[in-house]
Amino acid sequence: MNQLFKNLCLTNLKTNQLKSIHTSSSALAWSKTENIPKRFLRHNKKIYPPQSPDEEPRPAFVCHQKTNIKYSPDKLWYIASFVRGMTVDEAVKQLSFVNKKGAIFVKEAILEAQELAVKEHNVEFRSNLWVAESFSGQGMVIKGIRRHARGRMGEVRYQFSHYFVRLEEGKPPADYYKINPLTPQEQLDNWLEQMRKRKIINSY
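Quick note: to get this note's numbering, add 515 to the position in the sequence shown (first position is 1).
Right, here's the structure in full:
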């Protein structure tokens, strides 16, 4: 029994020592469930209260993600922002002509989200969807060693990225990024309100 306890302690000690080395198998052993973002997909399970008859119908939507893509998140951001505000059919058609590796992953994610919307979220027409949200995030980073001259070593980072997309039912807006401009009277009222909220420091 004592020998078994000593062996367990020795194994635990060796594992902790290995974790301090960033290229060891213990450091590179990552869990597929712990390192995947879960917050974005919770929007699919959200339950909204019933709407009144005179209220505008709430459009159906579906959130989908593609995790740990072997692609730089900075490069993926350009492709993710490219398809914002497009219809699903237009986004798939445009991505077919983008000669980048990340365009394949984005196209696959949009098609998967479209299929998910029809099967699980009661969307009647698969073409009646548009890209409401599309963005990328940092995934896991694996560190390695690269040999240099004169016996020196350098660190190399292998980056992975996550892609998130939200499809919404209906027609896309005419201008996705345009903010509704204020009238001259509204601008004047906002300016007056800001001036009235000013406060002199150390005053009562």
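Note that the Cβ used here is the ideal one computed from N, Cα and C, for glycine as well.
8 Å contact criterion, which residue i and residue j should meet: CB distance rounded
| i | j | result |
| --- | --- | --- |
| F675 | K581 | Between K581 and F675 the Cβ distance is about 11 Å, and since that is not below 8 Å, they are no contact. |
| V613 | I625 | Not confirmed; about 13 Å, so no contact. |
| G669 | R661 | 5 Å |
| P574 | G685 | 5 Å |
Cutoff 6 Å; reference residue i; Cβ partners in own chain excluding five residues on either side
| i | result |
| --- | --- |
| S649 | A595, V598, R599 and V680 |
| P688 | none |
| I536 | Caution applies to I536, whose pLDDT of 49 falls short of 50 and renders its modelled position unreliable; the value that the coordinates give is listed next. If we look at I536 and ignore the five residues flanking it on each side, it has no Cβ neighbours. |
| L528 | Caution applies to L528, whose pLDDT of 45 falls short of 50 and renders its modelled position unreliable; the model cannot decide the point. |
| L592 | Per the sequence shown, residue 592 should be read as Trp rather than Leu. Counting only Cβ-Cβ distances below 6 Å, and skipping sequence neighbours, we find S651. |
| V638 | A575, A632 and E684 |
Proximity to residue i [Cα-Cα], best of the options
| i | options | result |
| --- | --- | --- |
| H677 | S587, E571 and P564 | S587 |
| K561 | L644, D604, V577 and E605 | V577 |
| P552 | K634, G654, I715 and N643 | G654 |
| L556 | P568, L631, G666 and S567 | L631 |
| Y691 | T698, V646, D704 and R665 | V646 |
| N583 | Y673, F640 and R667 | Y673 |
| N550 | L707, I694, I716 and I657 | I657 |
| F620 | K590, A664 and E570 | K590 |
| E635 | K714, N559, P564 and D704 | N559 |
Cβ-based neighbour list, residue i, same chain, cut-off 7 Å, excluding 5 preceding and 5 following
| i | result |
| --- | --- |
| A628 | V577, H579, V680 and L682 |
| S642 | V603 and D604 |
| K616 | Y586 |
| K721 | There is simply no residue 721 to check, as the chain begins at 516 and stops at 719 in what is shown. |
Contact set for residue i: own chain, Cβ-Cβ below 8 Å, skip 5 residues either direction
| i | result |
| --- | --- |
| P572 | Q566 |
| H663 | G669 |
Task: Start-end ranges of the beta strand (DSSP E) lying completely within the segment 555-620, minimum 3 residues - done: As far as the segment 555-620 is concerned, its whole beta strand (DSSP E) runs of at least 3 residues are 576-584.
Task: Length at least 3, wholly inside the segment 665-696: the beta strand (DSSP E) runs in chain order - done: Along the segment 665-696, the beta strand (DSSP E) occurs as fully enclosed runs of 3 or more residues at 668-684, listed in sequence order.
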